[in-house]
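Reading through the structure tokens given below for one structure.
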Amino acid sequence: MLWSGGALAQSAASSASWPASSAPAMTSGDNGEIALDAITVAATYTPVSTINALAGVSTVRADELEMWMPDRTADVFRGMPGVAAIQNGNSQQTSINIRGLQDFGRVAVIVDGARQNFTQLGHANSAGSFFLEPGLLAAVDVVRGPVSNIYGSGAIGGVVTMRTKDANDILKPGETWAAQGTGEMGSNGPMGFGSAFGAARIGQNVDVFWGGTYRDQANYNDGDGNEVPGTNATTWTGIAKLTVRPADFHELKFSALNYDSSYTTSSASVLTTPTTSQYGTDVTNRSLTGSYNYSNPDDNLFDWRSTVYWNQVKQDQTKVAGTNSTVTGNVGNPRSFTIDTWGFDANNTSRFAVGGVRNAITIGGDYFHDDVNNIDNYGFGDGYNPSGTRGVGGAFAQWQANYSTWLEVIGAVRYDSYKLEGDGVSNSGDRVSPKITVGLTPVPWFTVYGTYAEGYRAPAVTETLVSGAHPPAIPLVRCPDGSFGVFCFVPNPELQPEVGKNKEIGVNLKFDDILSKGDKFRAKANVYRNDVSDFIELVQYGTPVFGSLPYAQYQNVSSARLEGFEFESMYDARTWFVGFNATVSDGKNTETDQPLSSILPDNVATTIGLRSPDQKLTLSARWQWVAAVTESDLPTNAVYEPTSSFNLVSLYLGYQPSENVLTSLSVENLLNEQYTQYQQFLPSAGLTVRGALTIRFGGGELAAAKTALVTK
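Here it is in structure tokens:
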């Protein structure tokens, strides 16, 4: 999304009505004014409108979340150029793929400032995922490519930052309290969702926010009408935030988030083999964050932002079905996968002008520590996922310069270091990564930019330490650790970090008053090439004995080249709007000329909608086409299966009879398409109809503040 609409998102700023008309880019005022361009800080840590950002940046704001009513986290990213979210129907964990890079931290995922580093490697799991309820979200920012090296080690693919709801999302200006509730019901399951949030502003300097959600989904039917086993889930969440402004322009914020989901998961063979192992799964994701910000418009020396956080993901599983074995254990056997991540980041921006050049220098540092503790006393789950610790830290400096209205230069340099330990193995390293961007705006409606940026990803605990026989206790080959199995995982203490070198050229277009007064057109297009050296892959080596397989080890085996084209656009004329996005991508191992299995299929997405003149009624439709993935698109012995092309059509109807009430109706997969998304093994849901009602209450009267409230 290239601009921000919806009074839910704007309630803390200037809009006096809520909720939005639930369509992109509009306020609900009576003057016909189009909403302002969305603002993001994800690309450079300095505020900039998304359309002016010299990078592949996309945003999702409250109006879009209201309109499309996502019931799975992956739905939030649907149709976003260069981005795909992988979420199997029988799992609540989500993995993000940006420009063909995913897993093991290649995409940094950050929720309210806390990194999400959970990994559970297995036949049906991604090697890097997170758990989050979409009903908690207020905003999402995505930066594609390693252009945002201010976020630390790992983000050679890109960065996803997500902000959950806060007091400012439901309080109107001048109110001292507010409450908001949503109830939703849907077919194809059925499913139900409910949320309740409350907020209070105590005086001028204290905000309190609290709330929670509940979601229940029964097994859904696919497009052919067949029930898909294991797609049921129950999820509870709770959230609380406290914001304190001890003095003008100073802000302290504390937040706590708890996520709990229960479901049953299995591998792909569950569709054809009744004896496939299935696991009753209970996941908790807990986060505590604290931040201190200082931002005074009259102070050009200090603009300070800092966050400390702790995040724990604990996945407890019990085998509930399947054949007893030494690999998966017996029915009734438990296992658990836990990661504790704590860290901090801090940065400051100083601004000054010299000789007509406006300068912003941002200096900062960050660190995170992963403590992985996986236990499987009855199977091989902790063999795939060894325990260990990893510490990654770094510092950066960024210079942003603007001359007149036509030239912008961004230069940055980052130093990263890491240390990894576990099972008697250790690994460490460091590197300096540069970035340079030059943008030219010869006319107000056209900007062209070029970027060279490098990113650095330290090896993960699993990649370095995975070891042991698989399947164990089958004496075909003796492994280096003394165990016996069909083949052996071998640790690699010499594993080197990956380095991404991204080249990108992009164009930003923005026009106003084209067909009618007040209309807007925004578009971003870019081409890129990311060359990744020391690319880490799981490889087989050695000469096996009869009946066994070669050793398996993560190695720096190749260089990867990923390239593509991305386009994102939206036109809005108040009473109607239309948008178009497209992604074309390719990638290969440059040493073997084999394609990369992580490259996602080409796709296009179109949105078109109408609004009533009074902005109370919105009707919109979205169509997405996703190309097929054929055998020729995959490397030899690929772990993923080819998939057919498919078309998805969705409809939305929103009616806002008053500023505090919103009724919504959505129809997903209108054509009842039978399809399976690439990198997933379960078919997706068929035709699904959902309805929702959101009601907001608020009141009280806040005395005029001596100085404006500062929120970030």
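Quick note: the sequence shown uses my numbering, first residue 3, plus one each step. No residue lacks a Cβ here, since even glycine has one placed at the ideal position from N, Cα and C.
CB-CB under 6 Å to residue i, same chain, minus the five flanking residues each way: which ones, in chain order?
{"i": "threonine 283", "result": "Tyr265, Thr267, Gln319"}
{"i": "glycine 702", "result": "Glu177, Thr178, Trp179"}
{"i": "isoleucine 697", "result": "Gly183, Val663"}
{"i": "alanine 629", "result": "Pro603, Asp604, Ser647"}
{"i": "threonine 609", "result": "Gly581, Arg624"}
{"i": "lysine 503", "result": "Glu456, Asp533"}
{"i": "asparagine 361", "result": "Phe354, Ala403"}
{"i": "methionine 1", "result": "Since the first and last residues shown for the chain are 3 and 714, residue 1 lies out of range."}
{"i": "lysine 437", "result": "Asn151, Ala414, Ala455"}
{"i": "serine 352", "result": "Leu303, Ile363"}
Quick check on the burial criterion: 16 or more other C-beta atoms within 10 angstroms. Buried or exposed for residue i?
{"i": "threonine 255", "result": "Per the sequence presented here, residue 255 reads as lysine, with threonine not at that position. Lysine 255 is buried by the Cβ-count criterion."}
{"i": "phenylalanine 677", "result": "Note on residue identity: the sequence assigns tyrosine, not phenylalanine, to residue 677. Buried, since its Cβ has 16 or more Cβ neighbours within 10 Å."}
{"i": "serine 30", "result": "The predicted position of serine 30 is uncertain, since its pLDDT is 37 and thus under 50; no value can be drawn from it."}
{"i": "valine 109", "result": "buried"}
{"i": "tyrosine 311", "result": "buried"}
{"i": "asparagine 1", "result": "With the chain covering only 3 through 714, there is no way to say anything about residue 1."}
{"i": "phenylalanine 448", "result": "exposed"}
{"i": "proline 136", "result": "buried"}
{"i": "tyrosine 680", "result": "buried"}
{"i": "lysine 519", "result": "exposed"}
{"i": "valine 501", "result": "buried"}
{"i": "alanine 86", "result": "buried"}
{"i": "phenylalanine 354", "result": "exposed"}
{"i": "valine 434", "result": "exposed"}
{"i": "phenylalanine 699", "result": "exposed"}
{"i": "threonine 638", "result": "exposed"}
{"i": "aspartate 301", "result": "exposed"}
{"i": "glutamate 410", "result": "buried"}
{"i": "threonine 163", "result": "buried"}
{"i": "leucine 303", "result": "exposed"}
{"i": "aspartate 514", "result": "exposed"}
{"i": "asparagine 349", "result": "buried"}
{"i": "glycine 191", "result": "buried"}
{"i": "glutamate 633", "result": "exposed"}
Who are the Cβ neighbours of residue i in its own chain at under 7 Å, not counting the five residues just before and after it?
{"i": "asparagine 375", "result": "Thr340, Ser389"}
{"i": "glutamate 423", "result": "Gly390, Thr391"}
{"i": "tryptophan 408", "result": "Leu442, Thr443, Pro444"}
{"i": "glutamine 122", "result": "Gln317, Phe339, Asn387"}
{"i": "isoleucine 516", "result": "Phe523"}
{"i": "isoleucine 365", "result": "Asn349, Asn350, Ala399"}
Should residue i and residue j be called a contact, given that it needs their Cβ atoms to be closer than 8 Å?
{"i": "alanine 460", "j": "valine 394", "result": "yes"}
{"i": "isoleucine 100", "j": "valine 534", "result": "no"}
{"i": "glycine 656", "j": "methionine 187", "result": "no"}
{"i": "arginine 531", "j": "lysine 512", "result": "no"}
{"i": "serine 666", "j": "alanine 640", "result": "no"}
{"i": "glutamine 498", "j": "aspartate 536", "result": "yes"}
{"i": "valine 463", "j": "aspartate 342", "result": "no"}
{"i": "leucine 672", "j": "arginine 203", "result": "no"}
{"i": "arginine 63", "j": "alanine 40", "result": "yes"}
{"i": "glycine 544", "j": "glycine 227", "result": "no"}
{"i": "threonine 233", "j": "asparagine 335", "result": "no"}
{"i": "glycine 214", "j": "threonine 237", "result": "no"}
{"i": "leucine 103", "j": "serine 600", "result": "yes"}
{"i": "threonine 277", "j": "glycine 331", "result": "no"}
{"i": "glycine 381", "j": "arginine 416", "result": "no"}
{"i": "arginine 288", "j": "asparagine 326", "result": "no"}
{"i": "glutamine 542", "j": "tyrosine 553", "result": "yes"}
With 8 Å set as the bound, which would you pick, yes or no: does the beta-carbon of residue i sit closer than that to a beta-carbon of chain D?
{"i": "glycine 58", "result": "Annotation note: the requested chain D is absent from the structure, which comprises a single protein chain."}
In its own chain, which residues sit with a C-beta less than 8 Å from the C-beta of residue i, not counting the 5 before and 5 after it?
{"i": "valine 59", "result": "Thr42, Ala44, Ala45, Thr52, Asp143, Val144, Val145, Arg146, Lys526"}
{"i": "proline 248", "result": "Asn207, Leu254"}
{"i": "valine 50", "result": "Ile41, Thr42, Val43"}
{"i": "serine 16", "result": "Residue placement at serine 16 is poorly supported in this model, since its pLDDT is 29, which falls under 50; the coordinates are not used for a value here."}
Contact between the region 598-616 and the region 578-588 is defined here as three or more beta-carbon pairs at a separation below 8 Å; is this criterion met?
yes
Please specify which runs of the beta strand (DSSP E), each continuous and at least 3 residues long, are wholly inside the region 440-517, giving them in chain order.
448-459, 470-480, 486-491, 500-514
So does the region 586-601 actually touch the region 558-571, counting three or more Cβ pairs closer than 8 Å?
yes
Pick out the complete alpha helix (DSSP H) segments inside the region 344-422, 4 residues or longer, and give them in chain order.
383-386
Taking the runs of the beta strand (DSSP E) that are 3 residues or longer, which of them lie wholly in the region 129-183?
139-146, 160-166
Could you tell me whether the region 133-145 touches the region 293-313, where touching means 3 or more Cβ pairs closer than 8 Å?
no
Taking one C-beta from the region 429-446 and one from the region 75-92 each time, how about it: are there three or more such pairs within less than 8 Å?
no
Inside the region 50-136 only - beta strand (DSSP E) runs reaching at least 3 residues:
58-62, 85-88, 97-100, 109-113
Which full runs of the beta strand (DSSP E) of 3+ residues lie inside the region 183-238, going along the chain?
193-204, 208-219
Mind listing, in chain order, the continuous beta strand (DSSP E) runs of no fewer than 3 residues lying wholly within the region 640-705?
648-660, 663-670, 690-701
Entirely enclosed alpha helix (DSSP H) segments - the region 536-603, minimum 4 residues
none
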